[in-house]
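Participant:
2 protein chains.
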Amino acid sequence: MQKKSDGQSYAPRGKAVAVVAPGEFLVGVIGLDHGHIHGMCNGLSEAGAGIVLAWDPDPEKCRLFREAWPTVRIARDRDEILEAGNIRLIASAAVPGDRCDIGVAALESGHDFFVDKPPLITREQLERARATVGRTGRRWGVYYSERLHVESAVRAGELVKQGAIGRVVQVMGWGPHRAGVAARPDWFFDKSRYGGILVDIGCHQIEQILAYAGAEGAKITNSHVANFNHTAYPRFEDFGDVSLICDNGVAGYFRVDWFTPDGLGAWGDGRTLILGTDGYIEIRKYIDVAANAEGDHVFLVDHEGERHIEAAGTCGFPFFGQFIRDCIEHTGTAMTQSHAFAAIELAIEAQERAWKAGVGGFRS
Amino acid sequence: MQKKSDGQSYAPRGKAVAVVAPGEFLVGVIGLDHGHIHGMCNGLSEAGAGIVLAWDPDPEKCRLFREAWPTVRIARDRDEILEAGNIRLIASAAVPGDRCDIGVAALESGHDFFVDKPPLITREQLERARATVGRTGRRWGVYYSERLHVESAVRAGELVKQGAIGRVVQVMGWGPHRAGVAARPDWFFDKSRYGGILVDIGCHQIEQILAYAGAEGAKITNSHVANFNHTAYPRFEDFGDVSLICDNGVAGYFRVDWFTPDGLGAWGDGRTLILGTDGYIEIRKYIDVAANAEGDHVFLVDHEGERHIEAAGTCGFPFFGQFIRDCIEHTGTAMTQSHAFAAIELAIEAQERAWKAGVGGFRS
Numbered sequence: 014m015q016k017k018s019d020g021q022s023y024a025p026r027g028k029a030v031a032v033v034a035p036g037e038f039l040v041g042v043i044g045l046d047h048g049h050i051h052g053m054c055n056g057l058s059e060a061g062a063g064i065v066l067a068w069d070p071d072p073e074k075c076r077l078f079r080e081a082w083p084t085v086r087i088a089r090d091r092d093e094i095l096e097a098g099n100i101r102l103i104a105s106a107a108v109p110g111d112r113c114d115i116g117v118a119a120l121e122s123g124h125d126f127f128v129d130k131p132p133l134i135t136r137e138q139l140e141r142a143r144a145t146v147g148r149t150g151r152r153w154g155v156y157y158s159e160r161l162h163v164e165s166a167v168r169a170g171e172l173v174k175q176g177a178i179g180r181v182v183q184v185m186g187w188g189p190h191r192a193g194v195a196a197r198p199d200w201f202f203d204k205s206r207y208g209g210i211l212v213d214i215g216c217h218q219i220e221q222i223l224a225y226a227g228a229e230g231a232k233i234t235n236s237h238v239a240n241f242n243h244t245a246y247p248r249f250e251d252f253g254d255v256s257l258i259c260d261n262g263v264a265g266y267f268r269v270d271w272f273t274p275d276g277l278g279a280w281g282d283g284r285t286l287i288l289g290t291d292g293y294i295e296i297r298k299y300i301d302v303a304a305n306a307e308g309d310h311v312f313l314v315d316h317e318g319e320r321h322i323e324a325a326g327t328c329g330f331p332f333f334g335q336f337i338r339d340c341i342e343h344t345g346t347a348m349t350q351s352h353a354f355a356a357i358e359l360a361i362e363a364q365e366r367a368w369k370a371g372v373g374g375f376r377s
Numbered sequence: 014m015q016k017k018s019d020g021q022s023y024a025p026r027g028k029a030v031a032v033v034a035p036g037e038f039l040v041g042v043i044g045l046d047h048g049h050i051h052g053m054c055n056g057l058s059e060a061g062a063g064i065v066l067a068w069d070p071d072p073e074k075c076r077l078f079r080e081a082w083p084t085v086r087i088a089r090d091r092d093e094i095l096e097a098g099n100i101r102l103i104a105s106a107a108v109p110g111d112r113c114d115i116g117v118a119a120l121e122s123g124h125d126f127f128v129d130k131p132p133l134i135t136r137e138q139l140e141r142a143r144a145t146v147g148r149t150g151r152r153w154g155v156y157y158s159e160r161l162h163v164e165s166a167v168r169a170g171e172l173v174k175q176g177a178i179g180r181v182v183q184v185m186g187w188g189p190h191r192a193g194v195a196a197r198p199d200w201f202f203d204k205s206r207y208g209g210i211l212v213d214i215g216c217h218q219i220e221q222i223l224a225y226a227g228a229e230g231a232k233i234t235n236s237h238v239a240n241f242n243h244t245a246y247p248r249f250e251d252f253g254d255v256s257l258i259c260d261n262g263v264a265g266y267f268r269v270d271w272f273t274p275d276g277l278g279a280w281g282d283g284r285t286l287i288l289g290t291d292g293y294i295e296i297r298k299y300i301d302v303a304a305n306a307e308g309d310h311v312f313l314v315d316h317e318g319e320r321h322i323e324a325a326g327t328c329g330f331p332f333f334g335q336f337i338r339d340c341i342e343h344t345g346t347a348m349t350q351s352h353a354f355a356a357i358e359l360a361i362e363a364q365e366r367a368w369k370a371g372v373g374g375f376r377s
């Protein structure tokens with residue numbers, strides 16, 4: 014069981030299946046602002062990577078990280094990690110607005126980069142990131158955890174690829190999150206630092222839509238954002254949704270919000286619905302509400318009947334091993350670079366053009 | 014148990030609670046094209062109305078209707094019903110494109126009107142209907158069955174009104190339907206007669222969004238339609254979705270489709286999600302997939318916990334008795350006239366402006 018009460022400290026563990034020899038693939042960490050860093054390091058270390066060096070400007074964050082990862086040494090400063098000759102990959106869960114600079118520095122110092130979502134938050138950052146990838150030939154991997162680190166989501170992807178529901182027609186997601194306002198740092202409420210709700214947690218959803226649709230890109234046809242009930246934080250957004258049509262004609266929609274009520278036994282009742290010409294899949298990721306406190310439920314309905322598949326422990330998290338091999342072999346098996354950037358580019362576009370919902374009716 | 018395998022012949026029954034004396038409120042029926050007429054007559058007769066006269070140009074439809082309603086006499090022609098002095102209300106489930114003419118004739122001959130959704134299919138028809146209501150002072154009631162004739166939907170409405178989830182933030186619906194192509198008449202596939210998917214089954218959804226949001230109107234911000242997999246019927250649409258923002262700032266989204274797979278134990282896995290500032294409600298209307306073949310499940314999550322409420326048999330269908338009293342007393346308790354027309358007006362607007370999804374990518 015993972016800690017499920019808040020998403021920030023939700024760090025899944027899976028089966029260890031090493032794809033490299035001990036010591037072959039070493040990781041340094043720069044930026045410990047988001048708890049996702051633990052999930053990222055879990056995934057990498059289960060695939061054989063060694064998490065060896067870490068640094069954050071806040072010594073307290075460094076101390077806590079070392080408690081969780083006792084083999085890690087805290088670096089003197091950021092540059093010590095960038096200059097470390099034995100480090101292959103730099104991982105980061107810094108404040109979203111600061112991630113791009115770290116990534117550019119990582120690639121330019123000869124490393125691959127693995128960053129929490131959102132991997133960056135503005136168009137200008139995206140251009141710099143793309144240019145740096147182009148110039149260095151290094152990879153800018155993104156921890157889109159809501160598909161990559163959720164076993165029911167992985168299992169659903171396998172089913173779709175096997176043709177279990179025919180051709181995909183629409184992908185629909187809800188990404189509700191528990192705000193837990195009291196435990197959040199200042200940057201959490203400042204759009205100029207987290208990017209807005211569609212960038213921050215919406216990019217997860219767009220990544221999933223593209224992946225399940227088998228699409229390379231999409232046209233955003235609509236988006237809304239609102240601050241319905243967090244008026245003490247005027248730069249915060251507690252609601253957003255997006256409609257899109259993928260380049261292969263598949264439709265997509267998602268809603269994200271920060272309204273998970275205290276009574277839910279998980280940080281969010283995250284779901285994905287994949288509608289096909291010959292069936293549909295519903296993923297209940299973290300809980301089956303009022304039925305089962307455990308997560309990872311896949312509901313598959315096809316022409317034969319209705320099935321409830323408990324996905325936990327069935328397929329693991331192949332992303333991490335594939336990503337490590339991608340870094341070593343310059344392949345794109347875990348995720349292509351263009352897919353990783355397409356998801357955040359569409360999220361930024363949706364954020365920029367969003368209608369405002371909420372108190373006072375709509376405004377553009 | 015109702016027949017649940019196709020939506021066309023799904024005609025719920027509830028507790029009989031007469032609001033009028035026997036013989037006080039008599040109903041004539043014109044137009045038997047859609048099986049919804051049985052649900053409409055069930056609701057009216059359970060509330061004390063007498064279904065006494067019926068007519069359709071097709072004698073076979075008349076014969077079958079009389080089998081189901083043996084006390085009904087088949088009229089000589091349409092005019093016999095329009096001219097019958099004892100008839101208070103005329104009900105209709107004619108082909109959608111033909112409903113407006115029947116309604117105008119009904120009101121102009123001194124009757125109230127109760128029509129299957131969609132109550133009409135074009136702006137021109139809407140203008141005529143509104144003008145006729147204005148001129149005659151009669152009512153044009155609409156059988157938006159997916160809220161009015163589904164006990165879990167009624168129960169959810171009560172919970173929302175009681176403040177169970179705080180202020181409503183978003184209402185989201187999926188209205189999947191089983192196509193059952195072989196048993197459908199020609200008009201089912203002809204957009205010029207059924208109005209398009211957003212008019213035909215989308216108006217249900219908009220009605221629900223307005224009702225649960227407590228809104229009087231909305232702005233359609235986006236819509237899509239597609240024919241993904243029924244290419245033998247080029248005038249058919251098997252997918253549609255709509256985003257909107259209500260006049261009180263509440264956001265709304267729904268998807269409708271004709272992709273219910275054969276293996277589902279109901280004609281559609283219809284759901285509604287109502288997100289509030291202090292909780293959320295999920296309605297699983299016709300089935301709890303792979304868990305319970307019966308319908309009418311309300312899931313309520315608030316700050317106290319998670320609850321599964323089995324709504325069947327708990328609240329009945331108050332619409333019908335209220336509607337009969339509205340006709341008699343010229344009130345608007347069951348549904349205001351402006352609400353009934355607002356839902357279809359927004360559905361027509363969404364239909365007109367829809368982007369095309371589906372094979373070949375998007376096009377406007």
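Protein chains in written order, with our numbering: chain A, 14 to 377; chain B, 14 to 377.
Yeah, the Cβ is synthetic: ideal placement off N, Cα and C, and Gly gets one too.
Please read these numbers as outputs of a predicted model, since none were measured by experiment.
Please determine, among B:G186, B:E121, B:V117 and B:F127, the residue with the shortest C-alpha to C-alpha distance to B:G41.
Facilitator: When each option's Cα is compared against that of B:G41, the closest is B:F127.
Participant: Please list, in chain order, the chain B residues whose beta carbon lies closer than 8 Å to that of A:G240.
Facilitator: Note on identity: in this sequence residue 240 of chain A is Asn, with Gly being the wrong assignment. In chain order: nothing, as chain B lies at least about 11 Å away.
Participant: Using the rule of at least 16 other Cβ atoms within 10 Å of the residue's Cβ for burial, across every protein chain shown, is B:E159 buried or exposed?
Facilitator: Looking at its Cβ environment, which holds 16 or more other Cβ atoms inside 10 Å, B:E159 is buried.
Participant: Between the beta-carbon of A:V269 and the beta-carbon of A:A226, is there less than 8 Å?
Facilitator: Cβ distance not < 8 Å, so A:V269 and A:A226 don't count as in contact.
Participant: Using the C-alpha atoms, what's the distance from B:M53 back to B:E171?
Facilitator: Those two C-alpha atoms are separated by around 22 Å.
Participant: Under a Cβ-count criterion, where at least 16 other Cβ atoms within 10 Å of its own Cβ denotes burial, should A:H51 be classed as buried or exposed?
Facilitator: Result: buried.
Participant: Quick check on the DSSP output: the beta strand (DSSP E) that includes B:A42 runs from which residue to which?
Facilitator: It is worth fixing the name first, because residue 42 of chain B is Val in this sequence and not Ala. It spans L39 to I43 - the beta strand (DSSP E) in which B:V42 sits, taken as one unbroken run.
Participant: Let's see if you can read the secondary structure: which residues bound the beta strand (DSSP E) around A:Q21?
Facilitator: That residue, A:Q21, is in no beta strand (DSSP E); it is neither H nor E in DSSP.
Participant: Tell me the DSSP secondary structure of A:I82 in three-state form.
Facilitator: According to the sequence provided, residue 82 of chain A is Trp. The question's Ile does not apply to it. Here A:W82 sits in coil by DSSP.
Participant: Would you say A:P274 lies against chain B (beta-carbon separation less than 8 Å)?
Facilitator: True, the Cβ-Cβ gap to chain B drops below 8 Å.
Participant: Using only the alpha-carbon positions, how far apart do B:M14 and A:T135 sit?
Facilitator: Bear in mind that the predicted position of B:M14 carries a pLDDT of just 38, short of 50, making it too unreliable to give a figure here.
Participant: Under a CB-based cut-off of 8 Å, is A:A303 close to chain B?
Facilitator: Answer yes: the Cβ-Cβ gap between A:A303 and chain B drops below 8 Å somewhere.
Participant: Buried or exposed: which applies to A:R148, given that a residue is buried once 16 or more other Cβ atoms fall within 10 Å of its Cβ?
Facilitator: The residue in question, A:R148, is exposed, as its Cβ has fewer than 16 Cβ neighbours within 10 Å.
Participant: Among A:R151, A:D111 and A:I222, whose alpha-carbon lies nearest the alpha-carbon of A:L359?
Facilitator: That would be A:I222, whose Cα lies nearest to the Cα of A:L359.
Participant: Are the CB atoms of B:G292 and B:H321 within a distance shorter than 8 Å?
Facilitator: No; because the gap between Cβ atoms is not below 8 Å, this pair is not in contact.
Participant: So with Cβ pairs under 8 Å, would you call A:E319 a contact of chain B?
Facilitator: For A:E319, the answer is yes, since a Cβ of chain B falls inside 8 Å of its Cβ.
Participant: How far does the alpha helix (DSSP H) with A:I115 in it reach, from first residue to last?
Facilitator: Its alpha helix (DSSP H) spans residues R112 to E121.
Participant: Looking at the C-beta of B:Y246, does it have a partner C-beta in chain A at a distance below 8 Å?
Facilitator: No, B:Y246 does not count as interfacial toward chain A.
Participant: When DSSP builds the beta bridges, which residues end up paired with B:F127?
Facilitator: Partner(s): B:A104 and B:G154.
Participant: Could you check whether A:V146 and A:Q350 sit closer than 8 Å to each other, using their CB atoms as the reference points?
Facilitator: Yes, the Cβ-Cβ distance between A:Q350 and A:V146 is below 8 Å.
Participant: What in chain A is Cβ-close to B:D315, meaning under 7 Å?
Facilitator: The contacting residues are P274 and G276.
Participant: Have a look at B:V155, B:G262 and B:P132 and flag the residue whose alpha-carbon is nearest the alpha-carbon of B:R206.
Facilitator: If we check each option's Cα against that of B:R206, B:P132 comes out closest.
Participant: If you reduce the DSSP assignment to three classes, tell me which class B:V65 lands in.
Facilitator: If DSSP states are grouped into helix, strand and coil, B:V65 belongs with the strands.
Participant: Tell me which residue opens and which closes the alpha helix (DSSP H) that B:Y266 is part of.
Facilitator: From DSSP, B:Y266 is part of no alpha helix (DSSP H) but of the beta strand (DSSP E) over A264 to D270.
Participant: Using the rule of at least 16 other Cβ atoms within 10 Å of the residue's Cβ for burial, across every protein chain shown, is A:T13 buried or exposed?
Facilitator: Nothing about residue 13 of chain A can be read from this structure; chain A reaches only from 14 to 377.
Participant: Near A:Q218, what residues of its chain come up, given a Cβ to Cβ distance below 6 Å and the 5 sequence neighbours on each side ignored?
Facilitator: Around A:Q218: G186, G188 and F267.
Participant: Given a threshold of 16 other Cβ atoms within 10 Å of its Cβ, counted over all protein chains shown, does B:E295 qualify as buried or as exposed?
Facilitator: Burial call: buried.
Participant: Against chain B, does A:V182 count as a neighbour if the rule is that its beta carbon must be under 8 Å from one of theirs?
Facilitator: Yes, A:V182 counts as interfacial toward chain B.
Participant: State the Cα-Cα distance for the pair B:C263 and A:G63, rounded to the nearest angstrom.
Facilitator: Checking the sequence, you will find Val at residue 263 of chain B rather than Cys. Cα to Cα, the separation comes out at about 48 Å.
Participant: Hey, is A:L256's beta-carbon within less than 8 Å of any beta-carbon in chain B?
Facilitator: For the sequence presented, residue 256 of chain A should be read as Ser rather than Leu. Yes, because at least one Cβ of chain B sits closer than 8 Å to the Cβ of A:S256.
Participant: Distance check for A:G329 and A:A29, CA to CA, integer angstroms please.
Facilitator: Spanning the two alpha carbons is a distance of roughly 9 Å.
Participant: Can you find a CB in chain A that lies within less than 8 Å of the CB of B:G27?
Facilitator: Not an interface residue.
Participant: Between which two residues does the beta strand (DSSP E) containing A:L286 stretch?
Facilitator: From DSSP, the beta strand (DSSP E) with A:L286 extends over R284 to G289.
Participant: Is it true that the stretch 95-111 of chain A meets the stretch 33-47 of chain A, where meeting means three or more beta-carbon pairs spaced less than 8 Å apart?
Facilitator: Yes, the stretch 95-111 of chain A touches the stretch 33-47 of chain A.
Participant: Please classify B:V194: is it buried, with 16 or more other beta-carbons within 10 angstroms of its beta-carbon, or exposed?
Facilitator: Burial call: exposed.
Participant: Please list the segments of the beta strand (DSSP E) lying wholly inside the stretch 322-367 of chain B, counting only runs of 3 or more residues, in order along the chain.
Facilitator: List check, beta strand (DSSP E) in window: nothing returned.
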